[in-house]
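Residue numbers for the sequence shown, in UniProt numbering: 1 to 111.
For each residue, glycine too, the CB sits at the ideal point set by N, CA and C.
Remember, it's a predicted structure, so these values are computed and weren't measured experimentally.
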Amino acid sequence: MLLLYTHARLKRNPVKGEDLMYPKRTGIAIWLKSTKHARQLRRYGVVHYVSKSMNYAIVYCNETSVESVIEDIKNLHFVEKAERSMKPSVATEYKKKTIEKEPAPDYNMGL
1 MLLLYTHARL KRNPVKGEDL MYPKRTGIAI WLKSTKHARQ LRRYGVVHYV
51 SKSMNYAIVY CNETSVESVI EDIKNLHFVE KAERSMKPSV ATEYKKKTIE
101 KEPAPDYNMG L
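What follows is the structure, given as structure tokens:
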């Protein structure tokens, strides 16, 4: 019952520009000294991928708390570097290149 009440209360007063059911998420790329401690990253967000051969992990967290999460992750002893994902700034919609056709020459022009 408490869950229903909380959901109804939040639905009445939503934060402007934010969907309550699907909050905006952003990725964090984390370079690790060793993947041995990668399980500890679960407390900071959803661990999407861990590469054992290249020693990095991708973690998704709420967009509102990204800066504080990155600072916390950088302070861990097994982390070399952590930075925000560049995916939102990369264009993912492509347009087909249009080639303007030259008009066909009219050979009967002077006749």
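Where residue i sits in the DSSP three-state scheme
{"i": "V66", "result": "helix"}
Residue i burial status per 10 Å Cβ neighbour count (16 or more: buried)
{"i": "L32", "result": "buried"}
{"i": "A91", "result": "exposed"}
{"i": "A38", "result": "buried"}
{"i": "A57", "result": "buried"}
{"i": "A104", "result": "exposed"}
Closest residue to residue i among the options (Cα-Cα distance)
{"i": "T35", "options": "K81, M54, M21", "result": "M54"}
{"i": "F78", "options": "P23, M21, Q40, Y22", "result": "Q40"}
{"i": "Y22", "options": "S68, K101, I58, E63", "result": "E63"}
Practice item. Can you check the region 29 to 110 for any alpha helix (DSSP H) of at least 4 residues that lies completely inside it and give the ranges in chain order? Key: 66 to 74
Check your understanding: Any chance the region 27 to 45 sits against the region 73 to 93, with 3 or more Cβ pairs inside 8 Å?
Key -> yes
**Study point:** Stretch pair the region 63 to 79 + the region 28 to 47: three plus CB contacts closer than 8 Å
**Key:** yes
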